[in-house]
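In UniProt numbering, the protein residues as written are 1 to 248.
Ideal Cβ positions, reconstructed from N, Cα and C, are used throughout, including at glycine.
Remember, it's a predicted structure, so these values are computed and weren't measured experimentally.
Here is the structure we will look at, set down as C-alpha cells.
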Ligand SMILES: Nc1ncnc2c1ncn2[C@@H]1O[C@H](COP(=O)(O)OP(=O)(O)OP(=O)(O)O)[C@@H](O)[C@H]1O
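Spelled out as C-alpha cells, the structure:
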C-alpha cells in the first residue's frame with residue numbers, strides 16, 4: 001500500500017493533515033478546485049517533495065528511506081506538463097526510468113497507449129495529446145518492467161489534452177490495466193463526471209484540506225461537490241441509473 005499519513009506542508013503549497021491510502025488494483029481520483037494542492041499532493045506521494053510533517057509510507061516503510069532505484073521500480077509519475085526533450089526520439093524517451101530489458105513490458109505499454117506510429121518521432125514535434133500518450137507509455141513501461149508486487153502510477157490531469165471520447169476511453173483502459181496488473185493508480189482530474197464513471201475511490205481536496213475521502217459512492221455526492229467547488233450543481237440520472245453533475 002502507498003499511504004499518505006497526516007501530510008502537512010507550508011511551502012510551496014499549503015497542505016494540512018492530508019491522509020489517503022492507495023491500494024494495488026484500485027483507481028483513485030483526486031478532485032478539487034484550481035490551486036487546492038492536488039499536484040502538490042501527487043508530488044508528495046511520489047517522493048518528489050517531502051512533507052514538513054507526516055510521511056508517505058510504501059509497504060510499511062517511509063518513502064524517504066527508499067533508494068531512487070527502489071522508488072523507480074514501484075512508482076511512476078506523469079506530470080501535468082510533461083517534458084518535451086528536443087532531439088530525443090519517442091523510442092528513447094520510453095527507456096527513461098526503466099531498469100533492465102523487458103521487451104514484453106515495452107510492447108504492452110506501447111499497445112496500451114496506442115503510440116505505435118509515434119516511436120520514431122522527435123518528442124519536440126508531438127501534439128499535446130500525443131505527448132501525453134507517450135509519457136503514459138513511458139510510465140507504464142517503467143512499472144510493467146518491474147517485478148515488484150506493489151506498484152503505483154501517479155497521473156496529473158491525464159485527460160487534459162484529450163477530447164471527450166479519448167478521455168473516456170483512456171480512463172476505462174487505465175482502470176482495466178490497474179485491475180489486470182494490480183497497479184495502484186491515482187489521477188488528478190477536473191472532470192467530475194469522469195470520476196463518477198471510472199473512480200473506485202476519491203479524495204476531495206480544497207485549500208489544502210481534505211473535504212472527503214472514501215469510495216466513489218460515498219464522496220461523489222451533490223452537497224460535498226457543491227461545497228468543494230463553491231458552485232451550485234445539479235445531479236442528473238439516466239434510465240440506466242447512471243449519474244452526472246452539471247453546473248447551475
Ligand atoms: N513551486 C511553487 N512555487 C510557488 N507556489 C507554488 C508552487 N507550486 C505550487 N504553488 C502554489 O501552491 C498552490 C497549490 O498548487 P497545486 O499545483 O498543488 O494546485 P492544484 O490543485 O494542482 O491546482 P490546478 O488544478 O490549478 O492545477 C497554488 O496556489 C500554487 O500557486
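Considering Cα atoms alone, identify which of the options is closest to residue i.
| i | options | result |
| --- | --- | --- |
| residue 209 | 33, 18, 155 and 84 | 18 |
| residue 71 | 56, 13, 14 and 20 | 56 |
| residue 120 | 101, 89 and 40 | 89 |
| residue 221 | 175, 33, 195 and 104 | 195 |
| residue 73 | 52, 58 and 190 | 58 |
| residue 185 | 179, 153, 16 and 15 | 153 |
| residue 48 | 173, 79 and 20 | 79 |
| residue 172 | 151, 200 and 148 | 200 |
| residue 60 | 23, 68, 95 and 124 | 23 |
| residue 140 | 84, 16 and 75 | 75 |
| residue 249 | 32, 21 and 52 | Outside the shown range of the chain, which is 1 to 248, sits residue 249, and nothing can be said about it. |
| residue 97 | 91, 31, 10 and 142 | 142 |
| residue 215 | 30, 15 and 8 | 30 |
| residue 16 | 117, 36, 86 and 25 | 36 |
| residue 159 | 126, 135 and 189 | 189 |
| residue 3 | 166, 62, 246 and 138 | 62 |
| residue 164 | 122, 38, 144 and 197 | 197 |
| residue 207 | 38, 25 and 149 | 38 |
| residue 93 | 68, 217, 124 and 111 | 124 |
| residue 137 | 234, 68 and 155 | 155 |
Please determine whether the Cβ atom of residue i lies at a distance below 7 Å from any heavy atom of ligand 1.
| i | result |
| --- | --- |
| residue 38 | yes |
| residue 188 | yes |
| residue 12 | yes |
| residue 35 | yes |
| residue 80 | yes |
| residue 46 | no |
| residue 32 | yes |
When the Cα atoms are used, what is the spatial distance from residue i to residue j?
| i | j | result |
| --- | --- | --- |
| residue 204 | residue 157 | 15 Å |
| residue 107 | residue 183 | 17 Å |
| residue 132 | residue 161 | 7 Å |
| residue 226 | residue 192 | 11 Å |
| residue 102 | residue 181 | 15 Å |
| residue 115 | residue 130 | 8 Å |
| residue 168 | residue 175 | 11 Å |
| residue 229 | residue 100 | 45 Å |
| residue 20 | residue 43 | 14 Å |
| residue 170 | residue 113 | 8 Å |
| residue 245 | residue 34 | 18 Å |
| residue 83 | residue 211 | 32 Å |
| residue 46 | residue 166 | 26 Å |
Using a 10 Å radius around the Cβ and a threshold of 16 neighbouring Cβ atoms, would you call residue i buried or exposed?
| i | result |
| --- | --- |
| residue 248 | exposed |
| residue 219 | buried |
| residue 146 | buried |
| residue 238 | exposed |
| residue 40 | buried |
| residue 28 | buried |
| residue 223 | exposed |
| residue 9 | buried |
| residue 232 | exposed |
| residue 85 | exposed |
| residue 32 | buried |
| residue 242 | exposed |
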